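Asks:
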Amino acid sequence: MRLRSLAIRNYRSIRHLQVEFPEGLLGIVGHNGAGKSSLLEAVAWALYGTPAVRTRAEAVATIGASDACRVRLEFDLGGEAFRLERVLKPSSTTAELARGDELLAEGAREVSDYVTERLLRMDYQTFYASIFTRQGELDKFVSMSSEPRRQAVERLLGISDVRDAGQRARQQKRDLGNRLEGLRSQLIARDGEPLQPRLVTELAELQERSAALTKAGKPLEATLETATQQDAQAVNAWEQVEANAEKYRTAEKRRDAAQGVLKLAGERLQNAQKTLNDSYKKEKEAAELRSATAASDAPGKLAALREKQATVEKKLQELAAGKGKLDAALAASGRELASRQKHLQEIRELGAESECPTCERPLGEHGAALMERIAGEIEAIEQQQRETSAALETLAQTSKATDSRGAALGKQEEKLRGAEAAHAAQLARLRDLEQALARKPELEQQLAELQAREQAARTEQEAALAALAKLEFDPQAHARARQQREAVVAALSEAKLALERHRGELARAGDGVKAKQAELERVERAQAQISEAETELERFGLLEQLLKGFRSHITSRIAPTLAAHTSRRLAQLTDGRYTQVEIDGSDYSLKVFDGVEAHSLDRFSGGEADAFSLALRLSISQLLAERAGTEMGLVVLDEVLGSQDELRQRRVLEGLERMAQSVGQVILVTHIESIKDHLPHVWELVLDDERGTVLREL
């Protein structure tokens, strides 16, 4: 496989990138996080999809990108050009694989399966273990313990398939042995005796019993047939008797219904007659009430009395008003009298020096005349008070007499209200009676209708009784016919039950025959299967031995071949410093010759050990390519120079360049920028805050 071009959009930190891969050794340099590993990881994602990148599907897309994540890869394989494109959309992933203009596969899973099974013929795990060495996995094989390393190498090279086939053959041989034991146990009874002769004897006994039961069933069938005929005859006789009984029961129902209707009509007629008789009594009571209410004069007397009460009330109001005026006049004259008496007293005490109430000058000689005049006014006021008091006394007597008259009228009113209430009660009762008497014509019509219904019910009862009397029905004969019918039915049921019991016994005997036949057939099949299983057991034993020998043969050839490839790759990588390795065929552990003696890797420096691990991985990759029937073509190494000093780095680079001449393409990813001058092709990646990963060819 040789890469030709790669176009990337929105894959991790790479927003847009399009490159063409050169032949030979290509170095991809840049600081950590610049996108070096992402660039080559996009190749694995294009080939195998999300499982190859160890992350969630949506995590490969550039954060915040508006367009879809897209990788387009063009490569050569076996002399033919291929084009592969994989697109991650928000809700799905699409993919297409084409060879020239021919579409080979379409769909994310379909393309991955085609690459795995038909194109590269390796899954993504084998791809990373051979072609693509990811960061930190250079010493994956040499750092493993013996058994995991043996299993990993044999799984990659397909040797584990032979081992698994041998294990399956051994397991199937074991299963066949268990099955054979089970089959043999089916031929032995619980007491340890052979089962087949016993089954033959028991089957013959069951068949004989079944034949005897078949013969014994014929009399039972004859009995059932006789009982069935008797039942048919009894049914005809019973139907005639039951028909007469049904007519009699119908006539009885008619009689009972007529009697019920007559009884109900009589009860309704009695109730209607009673209601009508009550209406006659109410007519008499209503007439008496009309006379009584017409003769009553309580309402008129009460109205005249209330007019008199109104007059008395008005008179009392007038007297009260007059008394108020007289009381006011008496109070005013009292105040005026006190004022005059006080003034007169002041004049008498002061004499001639007293002031005139009008001009406020001393009275002098006018004092005597003034006192005489004031004395006359006092006498007039006192006379007026006496007259007013006399008028108040007269008014009080008149008011008392009027109150007495009002009280007498109140007593008369109380008596008249009682008479009026009795009159109102009589009127209410009269209204109720008149409403009840209004239904009298309706009651009389209902009474006539009920009398007609009673007569019709009586006529229907007489007709029903006459029809019942005409029927000739004997209840005792009907009971005897019922007993005969029940006896015939019981005999028929007993015959059916006896035959069913016999048939059940016969069926059980037949089932026993079938079960014994099936058991005998099972034993015979087990005998045939035992013979087949014994033959198959021998075949799987032979297959187990062959697979075991074949695996030993393969492993004995793999270790020398892998050692030869590793020695050649190591000579290229170390410029002839180390030229021979030894690989143990039991666990694929690696030893390197330094001179004439082979040493384990812990004797060498870290940089030398990494070179040995790299040579081993490249040799495994070459074997995988040979087993897949393809050329190696491509090797990708991610950060494999970290443990090398500057001198060894140059030697490894020179070895990789020599190896690239035979492989085709070797891509080296590293953050060590000092090696740029020692590589024929260099891509430098830098991370720009706005544009993402940017590639420059140096």
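Heads up: the sequence shown begins at 308 in the numbering used here, then just goes up one per residue. No residue lacks a Cβ here, since even glycine has one placed at the ideal position from N, Cα and C. Every value quoted in this text rests on a predicted model; they were computed, and no experiment measured them.
1) Roughly how many whole angstroms lie between the Cα atoms of THR433 and PHE389?
2) Please state whether DSSP places PHE328 in a helix, a strand or coil.
3) Any idea what DSSP makes of ILE438, helix, strand or coil?
4) Identify the residues that DSSP records as bridge partners of GLY940: which are they?
5) Give the DSSP bridge partners of ARG1003, in chain order.
6) Looking at C-alpha atoms only, which residue of ARG597, GLU980 and PRO987 is the closest neighbour of GLN972?
7) At what residue ranges does the stretch 319-379 contain a whole run of the alpha helix (DSSP H), taking only runs of 4 or more?
8) Hey, which unbroken runs of the alpha helix (DSSP H) at 4 residues or more fall wholly within the stretch 747-798?
9) State the Cα-Cα distance for the pair ALA967 and GLY331, rounded to the nearest angstrom.
10) What is the rounded straight-line gap between the Cα of GLN758 and the Cα of GLN719?
11) Starting from LEU310, follow its DSSP beta bridges and name the residues at the other end.
12) Would you say LEU716 and LYS615 are within 8 Å of each other, going by their C-beta atoms?
13) Between the stretch 412-419 and the stretch 337-347, are three or more C-beta pairs nearer than 8 Å?
14) For the putative contact between SER320 and GLY999, defined by C-beta atoms under 8 Å, what is the C-beta separation to the nearest angstrom?
15) Can you give me the C-alpha to C-alpha distance between ARG965 and SER912, rounded to a whole angstrom?
16) Starting from GLU417, trace the beta strand (DSSP E) both ways and give me its first and last residue.
17) Beta-carbon within less than 6 Å of ARG377's beta-carbon, same chain only, minus the 5 sequence neighbours each way: which residues are those?
18) Give the DSSP bridge partners of SER907, in chain order.
19) Closest to GLU997 by C-alpha separation, out of GLU348, THR369, GLN762 and LEU410, would be which residue?
20) Give the single residue among ALA349, ILE335 and LEU531 whose Cα lies nearest to the Cα of ARG808.
21) Under the rule that 16 or more other beta-carbon atoms within 10 Å means buried, what is GLU553, buried or exposed?
22) Which of the three DSSP states, helix, strand or coil, is assigned to ASP945?
23) I need the straight-line Cα distance from SER598 to ALA610, nearest angstrom please.
24) In the DSSP assignment, the beta strand (DSSP E) including LEU404 goes from what residue to what residue?
25) Per DSSP, ARG390 is paired with what?
26) Cβ-heavy atom distance between GLY414 and the ligand ADP below 7 Å?
27) Hey, ASP995 and VAL947 are a contact pair by Cβ (cut 8 Å); roughly how many whole angstroms apart?
28) Please go through the same chain and pick out, in chain order, the residues whose beta-carbon is closer than 7 Å to the beta-carbon of LYS396, but skip the five residues on each side of it.
29) Excluding the five sequence neighbours on either side, which residues of its own chain have a C-beta within less than 8 Å of the C-beta of LEU637, listed in chain order?
30) Decide if GLN768 is buried, meaning its Cβ has at least 16 other Cβ atoms within 10 Å, or exposed.
31) Taking only the alpha-carbon atoms, compute the straight-line gap between ILE927 and ARG832 and give it to the nearest angstrom.
32) Tell me the DSSP secondary structure of LEU411 in three-state form.
33) SER896 to ALA905, Cα distance in whole Å?
34) Identify which residue in ARG787, LEU853, GLN824 and LYS803 has its Cα closest to the Cα of PRO504.
35) Rounded C-beta distance between VAL970 and ILE438? I'm assuming under 8 Å.
36) So for LEU986, helix, strand or coil by DSSP?
Replies: If we stick to the structure as given:
1) Locating residue 433 in the sequence shown gives position 126, where the first residue counts as 1. Locating residue 389 in the sequence shown gives position 82, where the first residue counts as 1. In a straight line, the C-alpha of THR433 is about 21 Å away from that of PHE389.
2) Working through the sequence shown from its first residue, we reach residue 328 at position 21. Looking at PHE328 - three-state DSSP - the assignment turns out to be coil, as it is neither helix nor strand.
3) If you number the sequence shown from 1, residue 438 lands on position 131. If DSSP states are grouped into helix, strand and coil, ILE438 belongs with coil.
4) One-based indexing of the sequence shown puts residue 940 at position 633. GLY971, per the DSSP bridge assignment.
5) Stepping through the sequence shown from its first residue, residue 1003 is reached at position 696. Paired residue(s): GLU991.
6) For the purposes of this step, residue 972 is taken as the residue at position 665 of the sequence shown. The option with the nearest alpha carbon to GLN972 is PRO987.
7) 343-355
8) 747-777
9) Mapped onto the sequence shown, residue 967 falls at position 660. Mapped onto the sequence shown, residue 331 falls at position 24. C-alpha separation (whole angstroms): 5 Å.
10) Position 451 of the sequence shown holds residue 758. Position 412 of the sequence shown holds residue 719. Spanning the two alpha carbons is a distance of roughly 58 Å.
11) Here residue 310 is taken as the residue at index 3 of the sequence shown, counted from 1. Partner(s): PHE382.
12) Translated into the one-based positions of the sequence shown, residue 716 becomes position 409. Translated into the one-based positions of the sequence shown, residue 615 becomes position 308. Going by C-beta atoms, LEU716 is nearer than 8 Å to LYS615.
13) no
14) Within the sequence shown, numbered from 1, the residue matching residue 320 stands at position 13. Within the sequence shown, numbered from 1, the residue matching residue 999 stands at position 692. Contact flag correct, Cβ pair sits at about 5 Å.
15) Here residue 965 corresponds to residue number 658 of the sequence shown, with the count starting at 1. Here residue 912 corresponds to residue number 605 of the sequence shown, with the count starting at 1. Roughly 23 Å between the two C-alpha positions.
16) Residue numbering aside, residue 417 sits at position 110 when the sequence shown is read from its first letter. Run containing GLU417: none in the beta strand (DSSP E); it sits in the alpha helix (DSSP H), 415-421.
17) Your numbering for residue 377 matches position 70 in the sequence shown. Only ARG316 and VAL394 meet the Cβ criterion.
18) Mapped onto the sequence shown, residue 907 falls at position 600. According to DSSP, SER907 bridges with LYS898.
19) If you number the sequence shown from 1, residue 997 lands on position 690. Residue THR369 is the option with its Cα nearest to GLU997.
20) On the sequence shown, residue 808 is found 501 positions in, with the first residue counted as 1. Checked all of ALA349, ILE335 and LEU531; the closest Cα to ARG808 is LEU531.
21) Mapped onto the sequence shown, residue 553 falls at position 246. It counts as exposed.
22) Against the sequence shown, residue 945 aligns to sequence position 638. Of the three classes helix, strand and coil, the one that applies to ASP945 here is strand, per DSSP.
23) Walking along the sequence shown from the start, residue 598 turns up at place 291. Walking along the sequence shown from the start, residue 610 turns up at place 303. Approximately 22 Å, taken between the alpha carbons.
24) Stepping through the sequence shown from its first residue, residue 404 is reached at position 97. It spans 400-406 - the beta strand (DSSP E) in which LEU404 sits, taken as one unbroken run.
25) Sequence index remark: in the sequence shown, residue 390 carries index 83 (1-based). DSSP lists GLU381 and ALA405 as partners of ARG390.
26) In terms of ligand content, the structure shown is empty, and the ligand ADP therefore cannot be addressed.
27) Taking the sequence shown and counting its residues from 1, one reaches residue 995 at position 688. Taking the sequence shown and counting its residues from 1, one reaches residue 947 at position 640. About 27 Å; that fails the 8 Å criterion.
28) Here residue 396 refers to the residue found at position 89 when the sequence shown is read from its first residue. ALA375.
29) Looking up residue 637 in the sequence shown gives position 330. These residues qualify, in order along the chain: GLN692, THR695, SER696 and LEU699.
30) For the purposes of this step, residue 768 is identified with residue 461 of the sequence shown, where counting begins at 1. So GLN768 ends up on the buried side.
31) Within the sequence shown, numbered from 1, the residue matching residue 927 stands at position 620. Within the sequence shown, numbered from 1, the residue matching residue 832 stands at position 525. Approximately 53 Å, taken between the alpha carbons.
32) Start at 1 with the first residue of the sequence shown, and residue 411 comes out as number 104. Here LEU411 sits in strand by DSSP.
33) Counted from its first residue, the sequence shown places residue 896 at position 589. Counted from its first residue, the sequence shown places residue 905 at position 598. Between SER896 and ALA905, the C-alpha separation is close to 12 Å.
34) Along the sequence shown, read from residue 1 onward, the residue named residue 504 stands at position 197. Nearest C-alpha to PRO504: GLN824.
35) Counting from 1 along the sequence shown, the entry for residue 970 is found at position 663. Counting from 1 along the sequence shown, the entry for residue 438 is found at position 131. Their Cβ separation, rounded to whole angstroms, is 10 Å, which puts VAL970 and ILE438 out of contact at 8 Å.
36) On the sequence shown, residue 986 is found 679 positions in, with the first residue counted as 1. In this structure, LEU986 counts as coil in the three-state DSSP scheme.
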